Amino acid sequence: MLTHSDLREIQTRSLKMQGWIREQTFSPESEKTLRRFSSWEVAELILGLNQNTFRGKMAADPSLPAGKVEPDGRQRWFTLEEVNTLRRKLKPRGKSLVPARPKGRAFRTAIANFKGGAGKSTVALHFAHAAALDGYRVLCVDFDPQATLSHSMGLNDVSEERTVWGIMARDLVHETEAQNAAPRGAASGTALPQRKLPSSITDLGIQDLRVADFIQKTNWPTIDLIPSCANAAFVEFASAQYRHLNPEWSFFAAVNRYLDQLPDDQWDLIFFDCPPAIGYQSMNAVFAADMLYIPSGPGYWEYDSTTSFIGQLSEALEDLAYGFEGSLSADKVTLPKAFHDIRFLLTRYEPGNELHRAMFDAFGKVFGEKLAQQPIEMTRAVEQSGRFLNSIYEMDYREMTRETWRRARTSFDRAFAEFKSVMEPHWISMGEPALSADKAAIEGADR
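In the numbering used here, the protein residues as written are 13 to 459.
The structure is reproduced here in structure tokens:
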């Protein structure tokens with residue numbers, strides 16, 4: 013017979029192996045470091061310049077970062093900080109290479125689905141890296157206790173207090189204190205009962221953590237992360253208890269309230285990596301998101317799981333819209349939850365596979381324009397990057413044939429470019445001032 017003690021012993025052995033694997037994958041200090049990018053990559057793949065044009069501008073301006081020259085002198089290699097300096101200083105034909113940034117806060121995208129192995133963490137990781145190479149400042153939030161995204165970004169020593177669970181526990185204390193201090197209920201006009209939280213929660217001191225205490229740096233200088241860890245799995249059990257302690261607590265809006273406290277201009281894009289379930293964490297991600305990206309493999313079971321996911325998510329959002337009606341505090345919570353857009357993205361796609369092509373057509377017939385037209389292709393380079401907790405952008409193309417590497421990168425480049433084309437109009441509209449009632453009526457009459 014096996015008990016929890018046996019499981020603990022197995023985990024201890026596994027952690028030792030995990031440490032060894034990390035040593036092989038990361039730097040000798042067991043820290044993940046970001047490689048340099050060649051002048052070819054910087055010119056053609058990152059800045060979108062002809063190599064001769066790039067060399068000419070480098071030669072004409074000695075104040076530009078020179079990069080590091082290879083021993084044979086054939087290639088220069090640049091850090092991401094140097095790439096971003098080049099992006100700011102170079103203006104081909106007078107055009108800025110810095111991406112446009114609408115007014116207002118960062119745009120938030122939740123990457124979610126029921127199915128494990130659908131590619132949620134892979135998409136979140138690659139979109140974050142692609143965005144950083146495109147010049148955006150990125151914040152990722154890892155909602156998944158499996159912590160694949162956190163581990164892929166080099167963060168392994170994470171305490172549960174600094175995860176989404178900590179954000180939710182902090183929010184519970186703050187919201188309960190605010191409700192207790194309020195003279196009357198916000199919507200109904202009736203007095204709310206006084207709620208008392210046990211010392212097991214208040215004595216943790218999580219309510220005293222600052223907003224910035226949950227955010228950690230990664231090996232990418234323009235990507236930050238709110239990490240997860242295996243111990244954060246108990247958030248589902250803890251949150252059920254918290255709702256019992258304070259039924260008026262709008263648990264699903266905790267992360268949304270937290271993100272609203274962040275400076276609007278500190279990041280440009282925020283990506284949520286969601287767990288493969290509808291629960292307290294995933295509902296927080298979904299509720300805080302402006303857009304929902306749903307990855308799915310190209311098989312029938314993945315299609316079936318995706319169908320179940322959107323059905324159960326619809327029911328959960330409907331329950332929240334009516335279950336909390338009239339009982340919310342006077343914050344920025346809006347019900348029913350509305351997304352600016354929803355997209356379905358096929359992953360592990362093989363264009364030469366007849367079944368995959370048929371499933372792509374099937375997805376298209378059902379989801380129409382909501383199906384992303386640039387699926388993530390399955391290649392050997394993508395498989396290899398996943399095994400070593402890297403994105404294709406982190407892999408050195410010299411470790412394989414350039415064409416193998418470039419094919420894999422092109423797939424993610426196109427998928428991110430499509431995401432960007434869908435996201436940007438919504439982001440711009442979010443920063444525009446709302447029309448007055450009179451002006452809206454006039455414009456409506458003109459149409």
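Built from N, CA and C at the ideal position, the CB exists for glycine as well. These figures come from a predicted structure and were not determined experimentally.
inquiry  = Taking only three categories from DSSP, how would you classify residue 361?
reply    = strand
Of the listed residues 131, 48, 66, 119, nearest to residue 101 (C-alpha basis) = 66
request  = May I have the straight-line CA-CA distance separating residue 12 from residue 249, to the nearest angstrom?
outcome  = Since the first residue of the chain shown is 13 and the last is 459, residue 12 is not available in this structure.
task = Have a look at residue 163 and residue 321 and give me their C-alpha separation to the nearest angstrom.
result = 26 Å
query = Is it true that the CB of residue 404 sits closer than 7 Å to the CB of residue 424?
reply = yes
Under the three-state DSSP convention, the category residue 305 falls into = strand
ask   = Going by beta carbon distance, what residues of the same chain come within less than 6 Å of residue 114, once the five residues before and after it are set aside?
value = 439, 440, 443
query = What residue does the alpha helix (DSSP H) around residue 160 start on, and which one ends it?
reply = 160-164
message = Nearest by alpha-carbon distance to residue 257: which of 51, 221, 208 is it?
response = 208
request  = Measure the C-alpha to C-alpha separation of residue 228 and residue 220 and round it to an integer number of angstroms.
outcome  = 18 Å
request  = Thinking residue 295 and residue 252 are a contact (beta carbons under 8 Å), I'd like their distance in whole angstroms, please.
outcome  = Their Cβ separation, rounded to whole angstroms, is 13 Å, which puts residue 295 and residue 252 out of contact at 8 Å.
task = Taking 8 Å as the threshold, find out whether the region 135-151 comes into contact with the region 109-125 through three or more Cβ pairs.
result = yes
message = Does residue 272 pass the burial test, meaning 16 or more other C-beta atoms within 10 Å, or should it be called exposed?
response = exposed
Pick from 151, 49, 91, 78 that is closest to residue 279, judged by C-alpha positions = 151
ask   = On the three-state DSSP scale, how would you describe residue 383?
value = strand
task = Count the other C-beta atoms from every protein chain shown that fall within 10 angstroms of the C-beta of residue 92, then say buried if there are 16 or more, exposed otherwise.
result = buried
message = For residue 391 and residue 335, I'd like the C-alpha separation in whole angstroms.
response = 46 Å
ask   = Is the Cβ-Cβ distance between residue 262 and residue 126 less than 7 Å?
value = no
request  = Measure the C-alpha to C-alpha separation of residue 369 and residue 409 and round it to an integer number of angstroms.
outcome  = 29 Å
message = With H, G and I counted as helix, E and B as strand and the rest as coil, what does DSSP make of residue 151?
response = strand
task = Could you tell me which residues DSSP puts in a beta bridge with residue 353?
result = 303
ask   = If residue 286 sits next to residue 159, beta carbons under 8 Å apart, how far is it from one beta carbon to the other, in whole angstroms?
value = So it is not a contact: roughly 13 Å between Cβ atoms.
ask   = Among the residues of its own chain, which have a CB less than 7 Å from the CB of residue 70, if the five just before and after it don't count?
value = 76
query = If you run the structure through DSSP and keep just helix, strand and coil, what is residue 273?
reply = coil
task = Would you please state the rounded distance, in angstroms, between the beta carbons of residue 355 and residue 388? I believe it to be under 8 Å.
result = With a Cβ gap of about 13 Å, residue 355 and residue 388 do not count as contacting.
key: Span of the beta strand (DSSP E) around residue 88   = 88-90
message = Suppose you measure from the CA of residue 137 to the CA of residue 73; what does that come to, to the nearest Å?
response = 35 Å
message = Considering only DSSP beta bridges, list what residue 3 is partnered with.
response = Here the chain has residues from 13 to 459 only, and residue 3 is not among them.
query = Who does residue 285 pair with in a DSSP beta bridge?
reply = 123, 154
Length of the line joining the Cα atoms of residue 132 and residue 142 = 15 Å
request  = Give the secondary structure of residue 375 by DSSP, where H, G and I count as helix, E and B as strand, and everything else as coil.
outcome  = helix
Candidates 289, 293, 366: closest to residue 311 by CA position = 366
ask   = Helix, strand or coil: how does DSSP classify residue 110 here?
value = coil
ask   = With a CB to CB cut of under 7 Å and the five nearest residues on each side skipped, what residues in its chain are close to residue 161?
value = 133, 136, 137, 152, 154, 285
Buried or exposed (CB count within 10 angstroms, at least 16 for buried), residue 448 = Confidence in residue 448 is poor, its pLDDT being 37 and thus under 50, which makes the residue's placement too unreliable to answer from.
message = For a test of the three-state rule: what should DSSP assign to residue 341, helix, strand or coil?
response = Below a pLDDT of 50, predicted positions are generally treated as unreliable, and residue 341, at 48, falls in that range; the measurement from the model is reported next regardless. Coil.
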